[in-house]
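Note sheet for the following structure.
In this note's numbering, the protein residues as written are 1375 to 1552.
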């Protein structure tokens, strides 16, 4: 037996990133829970990304792009433009997605591989082991989430509907009759 046999390498493989989703209605506490979980040393929870799929005609996201095979013509700038148009928060301040897309091989043919890689890289950039996406309306299409993240866990936030309605009415952006 040589000196190196039986000695663990310092270059061990990183454990795979675990994925989870916080889902619910708007105004039900998903953001507050996300902020609490994000403070944990092993959990990464960025602001709502809203990039996986369209909801209530709010514009095509990655799922629609790949479903229509438009991804076959997409390069890094196209993906960056999609994120900048669809993600409502300053995601560039949280993660350098431009650099991420610049180093990918094109065309990107698998949505599942893309989002697993993207979410993993976001978590790794924060030195975290668990990635949680907290876009509440993703709960409307768990079928898509299960396809993309078959081992994902879900946290379903439930708040009394009357309180949700009152919270919406008090929101400055809400302009509809309750």
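Quick reminder that beta carbons are idealized off the backbone N, C-alpha and C, glycines included. Quick caveat: nothing in here was measured; it's all calculated off a predicted structure.
Write down the C-beta distance between residue 1417 and residue 1528 rounded to the nearest angstrom, noting that I regard them as a contact closer than 8 Å. Along the chain shown, read from residue 1 onward, the residue named residue 1417 stands at position 43. Along the chain shown, read from residue 1 onward, the residue named residue 1528 stands at position 154. Between residue 1528 and residue 1417 the Cβ distance is about 15 Å, and since that is not below 8 Å, they are no contact.
Between which residues of its own chain and residue 1519 is the CB-CB distance below 7 Å, once the five residues before and five after are set aside? Counting from 1 along the chain shown, the entry for residue 1519 is found at position 145. Counting only Cβ-Cβ distances below 7 Å, and skipping sequence neighbours, we find 1395, 1512, 1526.
Paired residues, beta bridge with residue 1392 - DSSP: Position 18 of the chain shown, counting from 1, holds the residue named residue 1392. Answer is 1504.
On the DSSP letters alone, give me the boundaries of the alpha helix (DSSP H) that residue 1439 sits inside. As a working mapping, residue 1439 is identified with position 65 in the chain shown. Looking at the DSSP string, the run of the alpha helix (DSSP H) that includes residue 1439 is 1436-1441.
In the structure shown, what three-state DSSP assignment does residue 1362 receive? Within the shown structure, residues of the chain are numbered from 1375 to 1552, placing residue 1362 beyond reach of any answer.
Straight-line Cα distance separating residue 1450 from residue 1391: Locating residue 1391 in the chain shown gives position 17, counting from the first residue. Locating residue 1450 in the chain shown gives position 76, counting from the first residue. Whole-angstrom Cα-Cα distance: 24 Å.
What's the gap between the Cα of residue 1410 and the Cα of residue 1422? As a working note, residue 1410 is residue 36 in the chain shown. As a working note, residue 1422 is residue 48 in the chain shown. Cα to Cα, residue 1410 sits roughly 14 Å from residue 1422.
My assumption, with CB atoms under 8 Å, is that residue 1472 sits in contact with residue 1489. Please give the rounded CB distance. Mapped onto the chain shown, residue 1472 falls at position 98. Mapped onto the chain shown, residue 1489 falls at position 115. At roughly 17 Å, the Cβ-Cβ gap does not stay under 8 Å, so residue 1472 and residue 1489 are not in contact.
Cut-off 8 Å between Cβ atoms - residues of its own chain near residue 1545, not counting five sequence neighbours on either side: For the purposes of this step, residue 1545 is identified with residue 171 of the chain shown, where counting begins at 1. 1401, listed in sequence order.
Look up residue 1397 in the DSSP assignment and say whether it is helix, strand or coil. Counting from 1 along the chain shown, the entry for residue 1397 is found at position 23. Residue 1397: strand per DSSP, three-state reduction.
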